[in-house]
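**Q** Here it is: the structure, laid out below.
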Amino acid sequence: MTKIYTFICLIIRVYSGYLIYMQGYEKLTGGFSLQGLTQVIAQNQDSPMWYKWFFEHIIAPYTTLWEWVIPLGEIFLGLALILGFLEYYAAFFGIFIMINYILADMIFTYPLQLVGFILIALNIRSLRKLSAAAIVKKFMKKEAG
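Given below as structure tokens:
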């Protein structure tokens, strides 16, 4: 049963990584812009006031920087999850990103992705068995031994 459970966790990790990688890639190559989003969030009734303040004072003045950081961050998170490298940290930042998208009232597949990242973070011990770090560690033992 634990092998099946580990395999299911692996599928969730790789699929979550693929989804966020593709989102970052599409943003990077598709002309992603935060200009219109800042106005939408300011007029949005569903976003909390503190989030509107954060977006207005932290994100809006530096949109050019964030238009690069967001897609590249998503691409790196996706690669980390697909390869199984620093997957706990990738899942943690994936949770952070999905919560930001939900606070910005962009509810598409993000709640489902949020659940996937939470499952990854909660099952990190199972996932580490099938990670790049585990493969490297096994290889290093064979070389040393």
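Per our numbering, the sequence shown starts with residue 7, numbered consecutively.
A virtual CB, placed ideally from N, CA and C, is assigned to each residue, including glycine.
Note that the structure is predicted; figures quoted are calculated from it, not measured.
(1) With H, G and I counted as helix, E and B as strand and the rest as coil, what does DSSP make of residue 146?
(2) By how many angstroms is the C-alpha of residue 117 removed from the C-alpha of residue 28?
(3) With a CB to CB cut of under 6 Å and the five nearest residues on each side skipped, what residues in its chain are close to residue 120?
(4) Do you know whose CA, among 86, 52, 61, lies nearest residue 133's CA?
(5) Assuming residue 138 and residue 90 make a contact with CB atoms under 8 Å, what is their CB distance in whole Å?
(6) Since I believe residue 30 is in contact with residue 84 (beta carbons under 8 Å), could you give me their beta-carbon distance rounded to a whole number of angstroms?
(7) Given a cut-off of 8 Å, decide if residue 122 and residue 18 are closer than it, judged by their beta-carbon atoms.
(8) Residue 25 to residue 80, Cα distance in whole Å?
**A** Checking against the coordinates, here is how it stands:
(1) Here residue 146 refers to the residue found at position 140 when the sequence shown is read from its first residue. Helix at residue 146.
(2) Here residue 28 refers to the residue found at position 22 when the sequence shown is read from its first residue. Here residue 117 refers to the residue found at position 111 when the sequence shown is read from its first residue. Distance between residue 28 and residue 117, taken at the CA atoms: about 17 Å.
(3) The residue labelled residue 120 in the question sits at position 114 within the sequence shown. Close CB contacts of residue 120 within its chain, under the 6 Å cut and outside five residues either way in sequence, are with 104 (chain order).
(4) Taking the sequence shown and counting its residues from 1, the one referred to as residue 133 is at position 127. Ranked by Cα distance from residue 133, the options 86, 52, 61 are led by 86.
(5) Within the sequence shown, the letter at position 132 stands for residue 138. Within the sequence shown, the letter at position 84 stands for residue 90. Contact flag correct, Cβ pair sits at about 5 Å.
(6) Here residue 84 corresponds to residue number 78 of the sequence shown, with the count starting at 1. Here residue 30 corresponds to residue number 24 of the sequence shown, with the count starting at 1. Between the beta-carbon of residue 84 and that of residue 30 there is about 6 Å, and that keeps the pair under the 8 Å contact cut.
(7) Indexing the sequence shown from 1 puts residue 18 at position 12. Indexing the sequence shown from 1 puts residue 122 at position 116. Less than 8 Å separates the beta-carbon of residue 18 from that of residue 122.
(8) Here residue 25 refers to the residue found at position 19 of the sequence shown. Here residue 80 refers to the residue found at position 74 of the sequence shown. One C-alpha to the other measures close to 9 Å.
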